[in-house]
Structure formats: structure tokens, C-alpha cells
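Student: Protein chains in written order, with UniProt numbering: chain H, 1 to 507; chain S, 1 to 553.
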Amino acid sequence: MNSLSQVRSLLVGGRVTSRQLIIDSLNRIDATKKFNAYITLEDREKLLNDADESDKRLQHQQQQQQSGVKRELEGIPIAVKDNFSTSKLKTTCASKILENYIPSFDATVVSRLKEAGAIIVGKTNMDEFAMGSSTSTGHFGASINPYSRDAGESLVAGGSSGGSAVAVKLNTVSAAIGSDTGGSVRQPAAYCGLLGFKPTYGSISRYGMIAFASSLDTPGFFVHNAVDAAILLDVLVGRDCNDSTSIEHPMQKKFQQYLNSRDNNQDMKGLVFGIPTDYLVKEMDPEIINLWRETVDLIEQAGGKVVAVDLPHTKYALPAYYILATSEASSNLARYDGIRYGASTSGAKSLKQQYMETRSEGFGAEVKRRILLGTMSLSRGSYDNYYNKAQQIRRLVSDDFNQVFNRQSVDILITPTTPSGPFKLGDNQDPIDMYINDIMTIPASLAGLPSASIPLAHSQSNNKSTPTPLSLQLIGNRLQDHKVLEAIQKIMSLNRYNNFYNQININ
Amino acid sequence: MLTSFKKAINLYTRYGLNRISYNHYSNTSFSSSQTHNNNIKFNSKNDLFKTSNNNSYQLVVGVEIHAQIKSKEKLFSDIYYKYKLPDSLNVGSLDGCIANSRVSYVDAAFPGTLPVLNAKCVEQAIKTGLSIGASINQHSYFDRKHYFYQDLPQGYQITQYHQPIVKNGSLLLNLKDGRQHNIRISHIQLEQDSGKSIHDQSSNYTLVDLNRAGIGLMEIVSEADFRSSEQVGLYVKQLQQLLRHIGTSDANMQLGEMRADINISVRPEAQEEYGTRVELKNMISIKAITGAIDAEAMRQIEILESGGRVTRETRGYDQTTGTTFHMRTKEDEVDYRFFPEPDLPPLRIEQSTIDKLATELPELPEQMLERLVTQYSIPRHEATVLVEDRRIVKYFEDVIAFGKAKNINRQPKKVMPWILKEVFEWLNSRNETIDRCPLAVQQLAELVDLVDQGYLSSRTGKEIIEKLLDEEQNKGGSVKSLVDSMGLSQISDDSTLEQLCKSIVESNPKEVADYKSGKQRVFKFFVGEIMKQTKGRSNPEKVNQYLKNYLDK
Chain H
1 MNSLSQVRSL LVGGRVTSRQ LIIDSLNRID ATKKFNAYIT LEDREKLLND ADESDKRLQH
61 QQQQQQSGVK RELEGIPIAV KDNFSTSKLK TTCASKILEN YIPSFDATVV SRLKEAGAII
121 VGKTNMDEFA MGSSTSTGHF GASINPYSRD AGESLVAGGS SGGSAVAVKL NTVSAAIGSD
181 TGGSVRQPAA YCGLLGFKPT YGSISRYGMI AFASSLDTPG FFVHNAVDAA ILLDVLVGRD
241 CNDSTSIEHP MQKKFQQYLN SRDNNQDMKG LVFGIPTDYL VKEMDPEIIN LWRETVDLIE
301 QAGGKVVAVD LPHTKYALPA YYILATSEAS SNLARYDGIR YGASTSGAKS LKQQYMETRS
361 EGFGAEVKRR ILLGTMSLSR GSYDNYYNKA QQIRRLVSDD FNQVFNRQSV DILITPTTPS
421 GPFKLGDNQD PIDMYINDIM TIPASLAGLP SASIPLAHSQ SNNKSTPTPL SLQLIGNRLQ
481 DHKVLEAIQK IMSLNRYNNF YNQININ
Chain S
1 MLTSFKKAIN LYTRYGLNRI SYNHYSNTSF SSSQTHNNNI KFNSKNDLFK TSNNNSYQLV
61 VGVEIHAQIK SKEKLFSDIY YKYKLPDSLN VGSLDGCIAN SRVSYVDAAF PGTLPVLNAK
121 CVEQAIKTGL SIGASINQHS YFDRKHYFYQ DLPQGYQITQ YHQPIVKNGS LLLNLKDGRQ
181 HNIRISHIQL EQDSGKSIHD QSSNYTLVDL NRAGIGLMEI VSEADFRSSE QVGLYVKQLQ
241 QLLRHIGTSD ANMQLGEMRA DINISVRPEA QEEYGTRVEL KNMISIKAIT GAIDAEAMRQ
301 IEILESGGRV TRETRGYDQT TGTTFHMRTK EDEVDYRFFP EPDLPPLRIE QSTIDKLATE
361 LPELPEQMLE RLVTQYSIPR HEATVLVEDR RIVKYFEDVI AFGKAKNINR QPKKVMPWIL
421 KEVFEWLNSR NETIDRCPLA VQQLAELVDL VDQGYLSSRT GKEIIEKLLD EEQNKGGSVK
481 SLVDSMGLSQ ISDDSTLEQL CKSIVESNPK EVADYKSGKQ RVFKFFVGEI MKQTKGRSNP
541 EKVNQYLKNY LDK
């Protein structure tokens, strides 16, 4: 395991060059091709040139004996989900309709990574237009969970940011960018045994990120630990004038500082944890319930205060989410008509035929399903009963959280990330079963709250072919991303969990 | 900049679209409703149509005006244009602009782009709202309106469906016969313009130009308060003047900066409820608007008279035949699936912003008209002509005020004729604006003074002003030196004039005899002869005086 912070100190200390890291990264990518983590790789020569430039800067820095880090990510290989626009590098959203689309501009996330010195090695696989929980709906095939054992026992990576999770898990990069609309970072992080972080909605710009559901889409990332998360938050968080929904964050550029200022031990004093009993659903895997219970006990033993809380509207969150997300998707995807960019049908004889054929040929089944659902929810006869009702539920879900965070003074909610572990590729063909995967992650998405999935243990049950990771989710109050970081740091360093990455050796 | 955009040029769309004939009429004047149909007459006294069976019908019209917002930037796209446009041009000044040259990634709806509201456009809408006495909605928001069309890149238009920025204004129409008629304006909403589809360049392809896509529009929606086409024509004209006056839109209909949709129905005079309305789309001149309303009113009355029912539909207007034609019925209408735009937070406007904008508003046309009438004692109809363009008002007032420090009191009634006739002739014949007029304020002021002082006859003055209105000939110097160099100053010298009069009287004995026998008209002959000989330069008062002296001797 090479964490971002480790790689950074090796680079800054001159013990490794960016060129070596890039070569290692490309070799790893090549050796792990069957996991299908990447859709597009950056040109090798360009990567090496960029690495050499970084090495020069790092060398200069060493010669000047400058202390500290000039650019947070100088020379570090990073992978980016294929729904972030990258100038001159193909950006497909795992869709046939954008199969050959090459953006002319960088997403704000990408430009901020580059400004921090990061080197984007490639674009990772995902569910088409980020619609899915398995990274198997895309035009370029499924990503395979590194925990899978061979012999036709492939497990899904989770989704929709599964490619990014797999890329980090396979050590092709030490961090990867994903996006989280209803759990698309947290769920694959749970399935692949990584830390997945979704910050407060609006704290990282969406500009250049290809929209699925604008009011929910949140850029996020996969890393190994809280320090790495703080590094990326320092690079990425901040208002962007190109995104009207982006906001100033009181902690921007101060996340690492904040984390350092906290006691770097397991002392939980001063943190109030809430246990939402409404999250205890009947579909939940007993092993996950046990982990949840055990962690709560450990937190209390470490001096943390734990209270049971009510989030009574939780059960309505899932249907509300699927109405709102599909409604916005049906609108956001209207622009793919094959006229200005993207795949286009040939030989259409009318405008209507042009639209119908381009979109029928260009979109996959799940995307079509969601466009249809969303179109229905927004239509004249259904709007009041669907879209409007869903908006009202969203408000109620959000009010539930406000009650808990602001009235009951809870700092962090602790819940499972998913009801169960990664399923086998090809299972869960029923879309409704698939949607249930998001049941724990969706409420925080509806409320725009910072939330993370942390890997703590591995499955011990004998009926599984391989021990798969078990994770919990942490949810903080709006703009309290630093508190979530602090909780991650403390829980992941509990004695029982702190050797998670060494428990199982994969690949 | 948009290389992949070339595709748009090759869009293959051979579908049947009803074309609207884009005949441009430079003449924006309009006449009161005329009927082509002899059986139905419009009475402008009571605004009613009367059929040959003596049935009376009332016209009910509501108007939606789309006016392009005057701004350097589009409604939601980045500041790209600001640095490329010369001062005199706005992002909507598209006349002669190369197709697809004013398009950003946002305008072409590239994946991942997001709208960012341009404050200038909001201010313009607020100013427009204030100028029609409307209330400004301090909390408004945007909605998406969905439909698929090649010139709508996002697949939706961002508009204000639920909470528009301006509500409840009005415009008072000054009708030709001196009556006034109030039109309530229900709201103004901010929205994006679409691109332009060009159907007539190829029989197989539709071309798309996205220069217009994303430009800010104010949709100004009236109540159904119009009862004649004249009222609608006046409304459009007054609104156009108002927007230009306060600088929120150039509102040129020929250039598509201002477009009108008309909702029209008729009802029997005694009937309380409105009839079924028909929408007339994309009217592009005042003449087309009034013509289309009259034609459509006739059509609807004829349907009702023959016992039929008007169906709800959208129609276009063919100016060459003077008739309206079917475009689509209500069943063909798409479900726009409005929902709040998730990429934009609600728009909040502080009261202090509104107050500040109110102080920035210039004197409004109505106020200006009243002031001109009282301050300068000029007839209302003359003042009305000036107020049509506030730059002309300024020109007029500058001429009056020029050299005021030197205690020159220039009389408005002596300035007005030159402006109303010669200056306006120059403006209209060239389709020019006053700021490009070669006749400088001080030149007109000097000319008026010279005529007033008798240095120049008003007839010679006309000759002089023609030279001054000619860019080639007006070198910008003083008028007096021009008059002198041309030898055109008025002959007021008594001995010269007396000598002239004497010789004319002496050399025309027959006419003198006629005059003496009582034919007073012959006097004009003598005046004419003198003017002929002096090329009109003689001081007419003095000529009259000397002629009388000799003739009546």
C-alpha cells in the first residue's frame, strides 16, 4: 500500500522520482488490465515529459532546501473518473454516445489537480453517465473487484466510480477522483476496501464534470487514509466562479492543518456520535451489523459519546432520490443529440429521426431507463405526484439531519455504507435490487452532507469464496468535512482496525 | 474555437417546416385597422367590428414581446466576448457577424458546462421593470423548459416560469385620436434565446448558427388588454422606444432584437367570456403585427358568423397574401416539463440594488414629453416626435442652451423647424442616428442666430443647412464664414435695397399701373423680381417697406 502522503514524502525526500512513479504506474496498469479499471490512458511520452518537469522542480526544491511542500501533488500520478472533462484527453462517460469525445477544456477538479502538480495518468471506468452501482453498465465493459478470485467468480467493484476504486486498490495510483451522486464513491470504496470521501455538496466545483443529477452530483475521491483525504481536500475545495452552486468552505486549504491539530491518537473525547436506528434495514448482512455494533462499542471505550438518533424519513429517501436523480438526468442528457459533438446516427431523413436514432444507438439500457423514468416524473400529469412530492421528501430528510446535528449536537453519524458486500458480476440484474444498494448512502446525498466510507474489517463468513471488505459510513453536518476527517482518522487508527490494509493480500 | 461544431453545419434535416416569409419593412408606421373584407368593418370610435348582419364583435389581444437585452455578455455564459467586442457593439449585435463565431462552450452546451448568471442582464431587466412601474421580485428563480430542436443546444431553455423577476407593470398608450389606453404588463421573465436555424440555404440541410444561442431575453408579457390592432402597433412602438430610451435593448425588429407573439381572440360584443384564442408566432415588424391581427380577426369573425368554432392553434402570417396560415394545433404542442434549474441557486435582489438602479434610470419618455411641452412651450405633437429618440431631444436642448452664458436667448420655436424638417430629412433618408449627423450643435445654433439677426434670410438658411448636412461639404467651421465665403449674407443695406426697389418700379410701368388701379396682388410680382435679382438674399421686410414707398407714392 502506497498512500498519497507516503509517495509525497518519498518524492520530496528525493528517494523516488516522478518518472519512476509514472513508469511503475503504467507497468501496474498494464499488469492488471483484466480488472478493466481504465478506459483511456494518457500518452506515455507526455506522461514522462510531465514527470521530468516535475522532477526538475522537485530537485530544485531540494537544492534550495526549501522546507514544506510547494505544490501539494508535484509529480504524483492520479487517476480521474471518465466523467471529468480533460483537455485533449478522451472523456467518454463510459457511453457510446461520447465514445470519441475529446474535450477542449479541463474540469475545475482536473485543473486544480494539475495546478497542484499532479499527473493525470488516465481516465477510469464507470457506469454509463454514472448511473449504476456496479460499474458494469458502461460501453467499455465491467470493472472487476480486486477481491475477486478467478474461475468465473468475478465480484463487482461497485459503482458508479468503480474504475477509480479498482485503480487505487490495485496500486496503479495512490489516489483517484470519483463522483458521488447517491453513493457512487462511498459504495465502491466499501466494496473495494478503500476510504471513499464525498464532501459537502458545492464545496468542490462541478464545472467540467459531466452532469448526471446536478443537485446531487458531488466530486469525491478514493484514498487510503484521512491524511490523504485532507491533502486532496486542500487541493480541491473552494469556490469556482464557473459553478454557481459552488461555495466558500470555512476550512478550505486548512484541512491538513486541522487534522494535524487534533490528537493523533484514538481518543474520541469531545466527539458525539449518532446511531440512526432507522438505518437498520431487514436486508442488512449480519456481519455488517456486527461490525457496526462493535465499532460503536470501541468508540465508547475510547471516550466518545454515542447516542441513538431518529431519522424518521429515511425510508422515503430512496424513492425520492430515484425520482429527483432521474428527473434531472432526463434533462441533463437532452443535449446529446449528435449535432455538435459525440456519436451521431448516419442517414437520418428528418430531425426527429436524427434524435431518435442517435439516442437509441448511443445510450445503454440503464441510461435509457432513467431518462424515461425522469421524463415521466416531470411530465405535466405526473409532476405534482412525483417530482414535487420527492422535493418535499428531500426537505424532510434534510430536516431530520438538521434536527440531529443542530438540536441534538451530534457531530458524526455512523452507519453501514451498504447493506451487504460486493455481489457477483451478473447477479442483481433486477434494477430495483440494484437501487437498494444505495439505501444507506442516499440520505446524505439528498441533504448534501459530507460523508465517507471507511474500510475496517474483512468478512469472516465461510460461505464466501474470499474475505471481502466490510465498511462503515460516517456522515457529518454541512461544511463540517473536517470533523468527518477527524472521525475517520480516529476510527481507522483504533487498534482493532489499524492494520486493515495488511489483513488481506490481494494481487 | 469550436472545431467539432462543424458538424452542425452538416445537419441533415429534411423535414417540413412552415416557413415564415422574412420580408423586411423599413417603414414602421402603421395605419388603423383596414379590412380587406367589405362585409366586416372596424369602427375606431368604439373599437368594435361590425358585420353586414349588424353583429358586433370585440377583439381581445394579449402580446408577448421578446426583447434582446443590451449587454456585452450572454445571459449565462462566460466573459469571453467582453474582450473582443468593440464598445459600440453588444453580444446581440449580430448584423454581419460570422456564423458561430460568438459561441462559448456553455452556449453550445458542451458536456460539463454550467450556466453562470450575468449580473448586467439582471440589472437591465430590473431597470425595464422600474420603467413600467412594475414591482421587482426580490426572490426569483429559473426553470428549465424542455424541447428538442437543433438550435437549442441544451435541449432546454433556461427561463423563469414560476417566479419571474418583474411583476405587475403597465404602459399607457397615447392613441392617435388623443385617447389614452392602459395596458397591464403581467410580468417580465429573463430567459435564453435559441440559436438560429437556416432552412433556405440548401434543400437537403438545415444550417445552425449559435451566435444568438444564450443571449439574454426579456419576455414582456401583457394582459389581454388590447382591443384594436392600432393599440398593439402603438404598444410595440412605445415599448420599443422605451427600451431604447432607457438603454436596456436596441429593440430592432428587423434584426430580430425584438419579436412578438400575439394571442388573439374575438367575442360577440355582449359576451362576457373570451373567445378561443389563436397564437400568432414570430411577428417581425409592426406592419406585420397589425396586418396579421386584422387578417386573423376577420378570419375568426367569419368562422363565427358562419356558425363555426374557432380552434385553438398556432398560426403564422404571410405578408404577401395578407392572410394567416396554420402552423400547429394544441395537440402537437410538446410537454415542456418545467422544473427548477438545479444549476442555478435562486436569485435574490437586495432593495438597495433596486434603489440604486432606480436612480440610474434616465428621465422616462412620458416625463420628458411633459417637460418639453412646458419648459419650451412647443406643441405636444412636435415634442412627441422629438421624444421618439432621446438623443434628438438632447440635440435640441443642446442647441437651445448653446452659448447661454453669453446671454443668447435662442427661441425653441425658431430651432424646432430646422430639426423637424431638415435634420429629420437627413436622418430618415440615410436611416442614420443623430450622433452621426455632420451638423454640429453649435452650427445649428449659429445658423438660427444668424437668421434671427437678419444676417441670413431663412430661405438662404435652407441652402446653407443643406451644405452643413453634407459630410463632404461641412468642414466644421463657423456658419458665418461659410455664408460669407459663399456671398450669401442677406442684403440689409438700405441704400442698396432702396436703389434696387426704385429701378424695379421704374422699369415695370405696366405693373405699376395695374397696382395703382387696385390690383394689390401685383405687389408680389415686384417682391419676386427683387428676390430673383438678389438670389433671395434681400431682407424681405426692408424690400416690402421700400417697394411700398415707391409704389404708393
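From the three backbone atoms N, C-alpha and C, an ideal C-beta is built for every residue, glycine too.
1) Give the straight-line distance between the Cα atoms of Gly-196/H and Asp-217/H, rounded to the nearest whole angstrom.
2) Which same chain residues end up closer than 8 angstroms to Glu-466/S when comparing Cβ atoms and leaving out the 5 residues on each side of it in sequence?
3) Give the range of the beta strand (DSSP E) segment to which Gly-169/S is assigned.
4) Are the C-beta of Ile-339/H and some C-beta of chain S separated by less than 9 angstroms?
5) Shorter than 9 angstroms from the beta carbon of Gln-160/S to some beta carbon of chain H?
6) If we ignore side chains and look at the alpha-carbon of each, how far apart do Asp-427/H and Asn-402/H end up?
7) Tell me which residues share the same chain as Lys-70/H and place their Cβ nearer than 7 angstroms to its Cβ, disregarding the 5 neighbours each side in the sequence.
8) Give the straight-line distance between the Cα atoms of Ser-174/H and Val-223/H, rounded to the nearest whole angstrom.
9) Report the option in Cys-501/S, Ser-71/S, Val-505/S whose CA atom is closest to the CA atom of Leu-117/S.
10) Select from Lys-490/H, Pro-467/H, Thr-466/H, Ser-331/H the residue whose C-alpha is nearest the C-alpha of Ile-454/H.
11) Would you tell me roughly how many angstroms separate the C-alpha atoms of Gly-158/H and Arg-337/S, rounded to the nearest one?
12) Could you tell me whether the Cβ atoms of Val-266/S and Tyr-57/S are closer together than 9 angstroms?
13) Express the C-alpha separation of Pro-431/H and Ser-244/H in angstroms, rounding to a whole number.
14) Quick one, are the C-beta atoms of Leu-89/H and Val-235/H less than 9 angstroms apart?
15) With residue 586/S as the anchor, note down where its beta strand (DSSP E) starts and where it stops.
16) Helix, strand or coil for Arg-348/S per DSSP?
17) Taking Cβ positions, are Leu-190/S and Gly-169/S nearer each other than 9 angstroms?
18) Mapping the DSSP letters down to three states, classify Gly-178/H as helix, strand or coil.
19) Is Val-281/H helix, strand or coil when you go by DSSP?
20) Using C-beta distances below 6 angstroms, list every residue in its chain close to Arg-262/H, excluding the 5 sequence neighbours before and after it, in chain order.
21) Identify each residue in the stretch 112-138 of chain S for which the Cβ-Cβ distance to at least one residue of chain H is less than 9 angstroms, and report them in chain order.
22) Tell me which residues share the same chain as Lys-6/S and place their Cβ nearer than 8 angstroms to its Cβ, disregarding the 5 neighbours each side in the sequence.
23) What are the start and end residues of the beta strand (DSSP E) that includes Arg-328/S?
24) Identify the contact partners of Leu-344/S in chain H, using a Cβ-Cβ distance below 7 angstroms as the criterion.
25) At what residues does the alpha helix (DSSP H) containing Phe-401/H begin and finish?
26) What does the Cβ neighbour count give for Phe-273/H, buried or exposed, with the cut at 16 atoms within 10 Å?
27) Hey, does Arg-335/H have any beta-carbon neighbour from chain A nearer than 9 angstroms?
28) Closer than 8 angstroms by beta-carbon distance: list the chain S residues that pair up with Ile-210/H, in chain order.
29) Counting only runs of 4+ residues fully inside the stretch 273-357 of chain H, write out the alpha helix (DSSP H) ranges in chain order.
30) Quick check on the burial criterion: 16 or more other C-beta atoms within 10 angstroms. Buried or exposed for His-24/S?
31) Select from the stretch 326-344 of chain S all residues with a C-beta closer than 9 angstroms to any C-beta belonging to chain H, and list them in chain order.
32) According to the neighbour-count rule (16 or more other Cβ atoms, all chains shown, within 10 Å of its Cβ), is His-326/S buried or exposed?
33) Locate the alpha helix (DSSP H) running through Glu-115/H, then write down its first and last residues.
34) Starting from Asp-55/H and walking both ways along the beta strand (DSSP E), at which residues does that stretch end?
35) Arg-380/H versus chain S: which residues are under 8 angstroms apart at the beta carbon?
36) Nearest by alpha-carbon distance to Ile-299/H: which of Ser-360/H, Arg-496/H, Asp-43/H is it?
Tutor: Walking through what the data contain:
1) Mapped onto the first sequence, residue 196/H falls at position 196. Mapped onto the first sequence, residue 217/H falls at position 217. Computed Cα separation, rounded: 15 angstroms.
2) As a position in the second sequence, residue 466/S is number 466, starting the count at 1. Glu-422, listed in sequence order.
3) Numbered from its first residue, the second sequence carries residue 169/S at position 169. Taken as a continuous stretch (DSSP letters only), the beta strand (DSSP E) holding Gly-169/S covers 166-174.
4) Here residue 339/H refers to the residue found at position 339 of the first sequence. Yes, its Cβ sits closer than 9 angstroms to a Cβ of chain S.
5) Locating residue 160/S in the second sequence gives position 160, counting from the first residue. It does not; no Cβ of chain H falls within 9 angstroms.
6) On the first sequence, residue 427/H is found 427 positions in, with the first residue counted as 1. On the first sequence, residue 402/H is found 402 positions in, with the first residue counted as 1. If I take the Cα positions, the gap works out to 37 angstroms.
7) If you number the first sequence from 1, residue 70/H lands on position 70. Answer for Lys-70/H: Gln-61, listed in chain order.
8) What you label residue 174/H is simply residue 174 of the first sequence in a count that begins at 1. What you label residue 223/H is simply residue 223 of the first sequence in a count that begins at 1. Each residue's Cα considered, the two are about 7 angstroms apart.
9) Numbered from 1 along the second sequence, position 117 holds the residue referred to as residue 117/S. Of the listed residues, the one whose Cα sits closest to Leu-117/S is Ser-71/S.
10) Reading the first sequence from its first residue, position 454 is the one you call residue 454/H. The option with the nearest alpha carbon to Ile-454/H is Lys-490/H.
11) Position 158 of the first sequence holds residue 158/H. Position 337 of the second sequence holds residue 337/S. Using only the alpha carbons, I get a separation of about 32 angstroms.
12) Walking along the second sequence from the start, residue 266/S turns up at place 266. Walking along the second sequence from the start, residue 57/S turns up at place 57. In this structure, Tyr-57/S lies closer than 9 angstroms to Val-266/S by Cβ.
13) Locating residue 244/H in the first sequence gives position 244, where the first residue counts as 1. Locating residue 431/H in the first sequence gives position 431, where the first residue counts as 1. About 33 angstroms.
14) To locate residue 89/H, count along the first sequence from 1; it is residue 89. To locate residue 235/H, count along the first sequence from 1; it is residue 235. Their beta carbons are not under 9 angstroms apart, which means Leu-89/H does not touch Val-235/H by this criterion.
15) No answer is possible for residue 586/S: it lies beyond the span of chain S, which begins at 1 and ends at 553.
16) Position 348 of the second sequence, counted from the start, is the residue given in the question as residue 348/S. Strand, per DSSP.
17) As a first step, residue 190/S must be located in the second sequence, where it is residue number 190. As a first step, residue 169/S must be located in the second sequence, where it is residue number 169. No.
18) Residue mapping note: residue 178/H aligns to position 178 of the first sequence, counting from 1. Gly-178/H: strand per DSSP, three-state reduction.
19) Counting from 1 along the first sequence, the entry for residue 281/H is found at position 281. Three-state result, Val-281/H: coil.
20) In the first sequence, the residue the question calls residue 262/H occupies position 262. These residues qualify, in order along the chain: Glu-486.
21) Gly-112, Thr-113, Leu-114, Pro-115, Val-116, Leu-117
22) The residue you call residue 6/S lines up with position 6 of the second sequence. Because the pLDDT of Lys-6/S is 39, which lies under 50, any placement of that residue in the model is unreliable, and the number read from its coordinates should be weighed accordingly. Closer than 8 angstroms at Cβ, skipping near neighbours: no residue.
23) Sequence index remark: in the second sequence, residue 328/S carries index 328 (1-based). Element bounds for Arg-328/S: 323-329.
24) Walking along the second sequence from the start, residue 344/S turns up at place 344. Within chain H, the residues near Leu-344/S are Ser-244.
25) The residue labelled residue 401/H in the question sits at position 401 within the first sequence. Unbroken alpha helix (DSSP H) run through Phe-401/H: 389-402.
26) Against the first sequence, residue 273/H aligns to sequence position 273. Result: buried.
27) Note that chain A does not occur in the displayed structure, where the protein chains are H and S.
28) For the purposes of this step, residue 210/H is taken as the residue at position 210 of the first sequence. By Cβ distance, chain S contributes Pro-111, Gly-112.
29) 286-301, 314-332
30) On the second sequence, residue 24/S is found 24 positions in, with the first residue counted as 1. Note that His-24/S scores a pLDDT of 31, beneath 50, so its modelled location is shaky; the value from the coordinates is reported in the next line. Exposed.
31) Asp-335, Tyr-336, Arg-337, Phe-338, Phe-339, Pro-340, Glu-341, Pro-342, Asp-343, Leu-344
32) The count along the second sequence starts at 1 and reaches residue 326/S at position 326. His-326/S comes out exposed.
33) Counted from its first residue, the first sequence places residue 115/H at position 115. Per DSSP, Glu-115/H belongs to the alpha helix (DSSP H) from 108-115.
34) Numbered from its first residue, the first sequence carries residue 55/H at position 55. Looking at the DSSP string, Asp-55/H is not in any beta strand (DSSP E); the run it does join, the alpha helix (DSSP H), is 44-63.
35) Position 380 of the first sequence holds residue 380/H. Within chain S, the residues near Arg-380/H are Asp-335, Arg-337.
36) Here residue 299/H refers to the residue found at position 299 of the first sequence. Considering only alpha carbons, the answer is Arg-496/H.
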